[in-house]
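Each remark here refers to the structure printed beneath this line.
Numbering (the numbering used here), first residue to last: 346 to 667.
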């Protein structure tokens with residue numbers, strides 16, 4: 346029933362009385378850990394997680410992050426851990442929040458408000474120190490990778506020297522600005538594929554990379570990511586931004602300004618992620634999302650100041666979306 350490479354997980358399941366009647370190997374994530382859904386005799390399901398030896402540090406960070414979050418945010422129950430890379434954890438179900446928001450538009454406001462509530466709780470916590478904080482240098486490296494992916498790999502048209510100067514001036518100024526924003530604890534990947542609709546709240550997974558960062562970072566991740574771009578308009582986002590600012594007792598006008606700049610950094614970074622995947626032939630699904638991300642980045646670029654020259658470069662290369 347268990348594939349042979351998961352013999353350690355099978356032993357843990359049997360030892361803890363979670364021997365399944367069926368096993369489904371789930372699609373892998375960007376890391377090397379693997380997930381299996383175990384259906385038990387009473388029709389309940391749990392998840393088996395297998396960390397290869399080189400991911401043991403990620404397992405320890407997951408355990409520490411879960412301990413830091415569990416009093417404030419709904420995170421999976423840890424059922425068993427053999428200390429050798431195998432875990433059994435609570436299964437939040439097959440439907441993530443992205444699927445719920447897509448299938449039931451009338452429930453979007455309710456579920457996003459619940460997600461904002463959870464997000465504000467995370468931001469209120471002290472940093473457990475399991476990962477280094479975001480800084481301007483990291484943000485800048487992300488944007489250099491985005492430039493390379495979009496222009497060199499995807500378009501096959503590297504920037505000229507003058508265009509490269511426009512990009513770098515924009516990126517330098519933006520990342521210095523964002524790196525100086527007020528900081529809060531960030532989940533880091535707080536988007537709807539890592540959230541699950543539970544009876545009265547959202548559950549969060551994939552939190553092992555949480556760290557200090559700009560106080561608007563997670564909200565930008567939640568509201569403007571690939572599955573929401575088609576319908577995330579001001580009438581939806583504005584009340585949620587105001588709700589988060591109120592919960593965090595942050596001045597709304599200043600917070601909105603910071604959110605816009607963080608969102609620009611994330612949007613351009615994500616353009617690079619999608620462009621690289623398409624160019625390397627490992628992510629055709631991202632071809633559908635790339636135009637929306639490019640359009641978002643173009644809208645967020647300021648027509649004055651350091652953004653302006655790069656805004657012109659992007660519009661010239663992608664006139665159909667910019």
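Built from N, CA and C at the ideal position, the CB exists for glycine as well.
May I ask you to list the residues that DSSP assigns as paired with residue 380? 394
Taking 8 Å as the limit between beta carbons, can you name the residues of its chain near residue 673, skipping five residues before and five after? No answer is possible for residue 673: it lies beyond the span of the chain, which begins at 346 and ends at 667.
Counting pairs of beta carbons, one from the region 463–478 and one from the region 415–428, are three or more of them closer than 8 Å? yes
Inter-residue Cα distance where the pair is residue 636 and residue 621: 14 Å
Could you pull out every residue in the same chain whose Cβ sits closer than 8 Å to the Cβ of residue 586, ignoring the five residues on either side in sequence? 564, 568, 597, 600, 601, 604
Ends of the alpha helix (DSSP H) at residue 563? 562–568
To the nearest whole angstrom, what separates the beta carbons of residue 441 and residue 371, a pair I think is in contact under 8 Å? Incorrect: roughly 12 Å between the Cβ atoms, too far for contact.
The ligand GTP and residue 372: does the residue's C-beta get closer than 7 Å to at least one heavy atom of that ligand? Absence of the ligand GTP is noted for the structure shown, with no ligands found whatsoever.
Cβ shell of residue 352 (< 6 Å), same chain only, five flanking positions each side left out: none
Given a cut-off of 8 Å, decide if residue 553 and residue 458 are closer than it, judged by their beta-carbon atoms. no
In terms of alpha-carbon separation, which member of 595, 614, 580, 588 lies closest to residue 566? 614
Minimum Cβ-Cβ distance from residue 469 to chain B less than 8 Å: No chain B is part of this structure, which consists of one protein chain only.
Buried or exposed for residue 560, please, with buried defined as at least 16 other CB atoms from any protein chain shown within 10 angstroms of its CB. buried
With 16 other CB atoms within 10 Å as the buried threshold, where does residue 366 fall? exposed
In DSSP terms, what residue 515 is bridged to: Note: residue 515 sits in no beta bridge, so no partner.
Could you tell me the distance, in whole angstroms, from the CA atom of residue 479 to the CA atom of residue 368? 38 Å
Could you tell me the alpha carbon to alpha carbon distance between residue 434 and residue 627, rounded to whole angstroms? 30 Å
Can you tell which of 500, 610, 525, 650 has the C-alpha that lies nearest to the C-alpha of residue 662? 500
Please return the same chain residues whose Cβ sits closer than 6 Å to the Cβ of residue 713, not counting the five positions on each side in sequence. The first residue shown for the chain is 346 and the last is 667, placing residue 713 beyond what the model contains.
Excluding the 5 residues preceding and the 5 following residue 669 in the sequence, name in chain order all residues of the same chain whose CB lies nearer than 7 Å to its CB. Because the chain is modelled from 346 through 667, residue 669 falls outside the range shown and cannot be assessed.
When you compare the CB positions of residue 518 and residue 651, do they come within less than 8 Å of one another, or not? yes
Count the other CB atoms within 10 Å of the CB of residue 625; is the residue buried (16 or more) or exposed (fewer)? exposed
Would residue 427 pass as a contact of residue 498 if the rule is Cβ separation under 8 Å? no
Assign residue 454 to buried or exposed, taking buried as 16 or more other Cβ atoms, counted over all protein chains shown, within 10 Å of its Cβ. exposed
How far does the beta strand (DSSP E) with residue 559 in it extend, from its first residue to its last? 556–559
For residue 528, which beta-bridge partners are listed by DSSP? 559
Any idea what DSSP makes of residue 610, helix, strand or coil? helix
Residue 419 - DSSP class collapsed to helix/strand/coil: strand
Roughly how many angstroms lie between the CA atoms of residue 482 and residue 364, to the nearest whole one? 47 Å
Every unbroken alpha helix (DSSP H) within the region 415–474, with a cutoff of 4 residues, ordered by chain: 442–448, 453–468
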